[in-house]
Amino acid sequence: MSLAEVYLNPAPYCFGGSCVEPGKADFLVLGVPFDATSSYRPGSREAPLAVRVAAANIEFYSMISGVDLEEYRIGDLGDLAQLGDARDMVTVLRDIIASLPPKPLVVIGGEHTVTLGVYEGLVARGLNPCILVFDAHLDLRDEYMGLKLSHATFMRRLLERHGHDRVFYVATRAVCREEIEYARRHRVRYVTPQNIRLLGTMEVSRRIQQWLNSCGCDSLYISVDMDAYDPAYAPGVGNPEPGGLESWLLLGMLSSIVRSSQKRVVGIDVTEVSPPHDVGGITSVLAAKTVVEFLAAVATRRGGS
Ligand SMILES: [Mn+2]
Numbered sequence: 212m213s214l215a216e217v218y219l220n221p222a223p224y225c226f227g228g229s230c231v232e233p234g235k236a237d238f239l240v241l242g243v244p245f246d247a248t249s250s251y252r253p254g255s256r257e258a259p260l261a262v263r264v265a266a267a268n269i270e271f272y273s274m275i276s277g278v279d280l281e282e283y284r285i286g287d288l289g290d291l292a293q294l295g296d297a298r299d300m301v302t303v304l305r306d307i308i309a310s311l312p313p314k315p316l317v318v319i320g321g322e323h324t325v326t327l328g329v330y331e332g333l334v335a336r337g338l339n340p341c342i343l344v345f346d347a348h349l350d351l352r353d354e355y356m357g358l359k360l361s362h363a364t365f366m367r368r369l370l371e372r373h374g375h376d377r378v379f380y381v382a383t384r385a386v387c388r389e390e391i392e393y394a395r396r397h398r399v400r401y402v403t404p405q406n407i408r409l410l411g412t413m414e415v416s417r418r419i420q421q422w423l424n425s426c427g428c429d430s431l432y433i434s435v436d437m438d439a440y441d442p443a444y445a446p447g448v449g450n451p452e453p454g455g456l457e458s459w460l461l462l463g464m465l466s467s468i469v470r471s472s473q474k475r476v477v478g479i480d481v482t483e484v485s486p487p488h489d490v491g492g493i494t495s496v497l498a499a500k501t502v503v504e505f506l507a508a509v510a511t512r513r514g515g516s
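Here this note's numbering is used: the first residue of the sequence shown is 212, the next is one more, and so on.
Pasting the structure below:
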């Protein structure tokens, strides 16, 4: 039996209602219902289903990109089996990602720790991706609540292994002293919501492209922790943090960065949606919208994604 046969469960809804065989799909979707290390408001294990239901009820025409996603085939791989241990999850997820065909990939978390498994899987495929992270947090603690690997530490593990120039954070605004000192010591790039307000999105996007072109990676991977958005737009997250980005601003930045990237764009994850803490499902809808705008932007890159 293959790893996928053992560890992937079919989802009751395919993303966007599109149940295309992975081999025939333009894009791939995978759910990772993992929230074992969530410290404040667990529940993101319920997000893959909630985001799929939301995606089935929003429009698939992107007015930002001028693309009708209905014309594209999305292959929904289903959900990773629930695992209780973060290291097991990262290992299994890595091996599954490594076995996938090279098509633009959407991963629906789960807590943010899933990003480490996806990234390691892309590396195992021979890629050397930069990672653009929309997040209120840096997730750079060395240890949190007795765990070396958790939603609060996984980026430290990723950067220790792959280099501190790999990452560019957008919407940073909630850190502990240890993290900010670590980030400064290692020259980790980040912009706060205030930076974006003062510089403007055009200038921030230009700096992101500059980083992308200079950091020696061969591709771009994007990770959206839904707490990057202001809690007014995304209240149903594991660790809400006031002072975040407006939904139109993040969606516009995401789309323009993907459309103008000179590096291949390999995929995205949307993490930390916690449906039990959501308000009227609006966080799940915004997560689905984030995926739609990402895929529409990728679709504009004919042959270049
Ligand atoms: Mn976060």
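Where a beta carbon is used, it is the ideal one built from N, C-alpha and C, also for glycine.
MET356: which of VAL318, ALA247, HIS373 sits nearest, CA to CA?
What you label residue 356 is simply residue 145 of the sequence shown in a count that begins at 1. Here the closest residue by C-alpha is ALA247.
For GLY515 and LYS314, I'd like the C-alpha separation in whole angstroms.
Start at 1 with the first residue of the sequence shown, and residue 515 comes out as number 304. Start at 1 with the first residue of the sequence shown, and residue 314 comes out as number 103. Confidence is the limiting factor: at GLY515 the pLDDT is only 48, short of 50, which leaves the residue's position unreliable, though a coordinate-based value still follows. Spanning the two alpha carbons is a distance of roughly 11 Å.
From the DSSP output, read off the bridge partner residues of HIS323.
Your numbering for residue 323 matches position 112 in the sequence shown. Answer by DSSP bridge pairing: none, since HIS323 is not bridged.
ILE433, enclosing beta strand (DSSP E) - first and last residue
Translated into positions along the sequence shown, residue 433 becomes position 222. Note, ILE433: beta strand (DSSP E), 430-436.
My output table needs one value for LEU333: the three-state DSSP class, helix, strand or coil.
One-based indexing of the sequence shown puts residue 333 at position 122. Looking at LEU333 - three-state DSSP - the assignment turns out to be helix.
Taking its Cβ as the centre, do 16 or more other Cβ atoms sit within 10 Å of ALA335, making it buried, or is it exposed?
Working through the sequence shown from its first residue, we reach residue 335 at position 124. Label assigned to ALA335: exposed.
For TYR393, which residues in the same chain have their Cβ closer than 6 Å to its Cβ, ignoring the five residues on either side in sequence?
By 1-based counting over the sequence shown, the position of residue 393 is 182. Taking TYR393 as the centre and dropping the five residues before and after it, the same chain places the C-beta of LEU351 closer than 6 Å to its C-beta, in chain order.
Every unbroken alpha helix (DSSP H) inside the segment 268-317 [4 residues or more]:
Counting only runs that start and end inside the segment 268-317, the alpha helix (DSSP H) elements of at least 4 residues fall at 297-309.
With a 10 Å radius around its C-beta and 16 neighbouring C-beta atoms as the bar for buried, classify VAL496 as buried or exposed.
For this step, residue 496 is matched to residue 285 along the sequence shown. Classification for VAL496: buried.
Note down, in chain order, each residue of its chain lying with its Cβ closer than 7 Å to the Cβ of THR511, except the 5 sequence neighbours on either side.
In the sequence shown, residue 511 corresponds to position 300, counting from 1. Taking THR511 as the centre and dropping the five residues before and after it, the same chain places the C-beta of SER276, VAL278, ARG470 closer than 7 Å to its C-beta, in chain order.
Starting from the C-beta of PRO312, find all residues in its chain whose C-beta is less than 8 Å away, skip the five residues before and the five after it, and write them out in chain order.
The residue given as residue 312 occupies position 101 in the sequence shown. Once the five neighbours on either side are set aside, the close Cβ partners of PRO312 are PRO233, GLY234, LEU239.
Integer-rounded CB distance, given that CYS428 should sit under 8 Å from PRO340:
Sequence index remark: in the sequence shown, residue 340 carries index 129 (1-based). Sequence index remark: in the sequence shown, residue 428 carries index 217 (1-based). Yes, PRO340 and CYS428 are in contact; Cβ-Cβ is about 6 Å, under 8 Å.
ALA292 to PHE271, Cα distance in whole Å?
Within the sequence shown, numbered from 1, the residue matching residue 292 stands at position 81. Within the sequence shown, numbered from 1, the residue matching residue 271 stands at position 60. Cα to Cα, ALA292 sits roughly 28 Å from PHE271.
Any idea what DSSP makes of ASP237, helix, strand or coil?
Residue numbering aside, residue 237 sits at position 26 when the sequence shown is read from its first letter. DSSP places ASP237 outside both helix and strand once states are collapsed to three, so it counts as coil.
Going by Cα to Cα distance, which pick from VAL378, GLY447, ALA267, TYR432 is closest to GLU281?
Numbered from its first residue, the sequence shown carries residue 281 at position 70. Comparing Cα-Cα distances from GLU281 to each of VAL378, GLY447, ALA267, TYR432, the minimum goes to ALA267.
For THR324 and ALA347, which I take to be in contact (beta-carbon distance under 8 Å), what is that distance rounded to the nearest angstrom?
Along the sequence shown, read from residue 1 onward, the residue named residue 324 stands at position 113. Along the sequence shown, read from residue 1 onward, the residue named residue 347 stands at position 136. With a contact defined as Cβ atoms closer than 8 Å, THR324 and ALA347 miss out at about 16 Å.
For THR482, report the span of its alpha helix (DSSP H) as first-last.
Walking along the sequence shown from the start, residue 482 turns up at place 271. From DSSP, THR482 is part of no alpha helix (DSSP H) but of the beta strand (DSSP E) over 475-482.
Start-end ranges of the beta strand (DSSP E) lying completely within the segment 338-404, minimum 3 residues:
The qualifying runs are 340-345, 378-381, 400-402.
Counting C-beta neighbours from all protein chains within 10 Å, is the total for VAL490 16 or more, i.e. buried, or is it exposed?
By 1-based counting over the sequence shown, the position of residue 490 is 279. Classification of VAL490: exposed, given that the 10 Å Cβ count is below 16.
Beta-carbon separation of SER250 and SER485 under 9 Å?
Here residue 250 refers to the residue found at position 39 when the sequence shown is read from its first residue. Here residue 485 refers to the residue found at position 274 when the sequence shown is read from its first residue. The answer is no: Cβ separation not under 9 Å.
My output table needs one value for TYR251: the three-state DSSP class, helix, strand or coil.
Stepping through the sequence shown from its first residue, residue 251 is reached at position 40. Coil, per DSSP.
Does the beta carbon of GLU483 fall short of 8 Å from some heavy atom of ligand 1?
Within the sequence shown, the letter at position 272 stands for residue 483. The beta carbon of GLU483 sits closer than 8 Å to at least one heavy atom of ligand 1.
Looking at the structure shown, is VAL490 part of a helix, part of a strand, or coil, going by DSSP?
Here residue 490 refers to the residue found at position 279 of the sequence shown. Three-state result, VAL490: coil.
Determine whether the beta carbon atoms of SER448 and THR403 lie at a separation below 9 Å.
On the sequence shown, position 237 is the one that residue 448 refers to. On the sequence shown, position 192 is the one that residue 403 refers to. Rather than Ser, the amino acid found at residue 448 in this sequence is Val. No.
Check: ASP489 C-beta below 8 Å from any heavy atom of ligand 1
Position 278 of the sequence shown, counted from the start, is the residue given in the question as residue 489. ASP489: no, Cβ never under 8 Å from ligand 1.
Where GLY515 falls: helix, strand or coil (DSSP)
Residue mapping note: residue 515 aligns to position 304 of the sequence shown, counting from 1. Legend: pLDDT at GLY515 = 48, less than 50; position of this residue unreliable, no value from coordinates given.
Starting from TYR440, follow its DSSP beta bridges and name the residues at the other end.
Within the sequence shown, the letter at position 229 stands for residue 440. For TYR440, which the question treats as bridged, DSSP gives the partners LEU456.
For LEU506, three-class secondary structure by DSSP:
By 1-based counting over the sequence shown, the position of residue 506 is 295. Taken through DSSP and simplified to helix, strand or coil, LEU506 comes out as helix.
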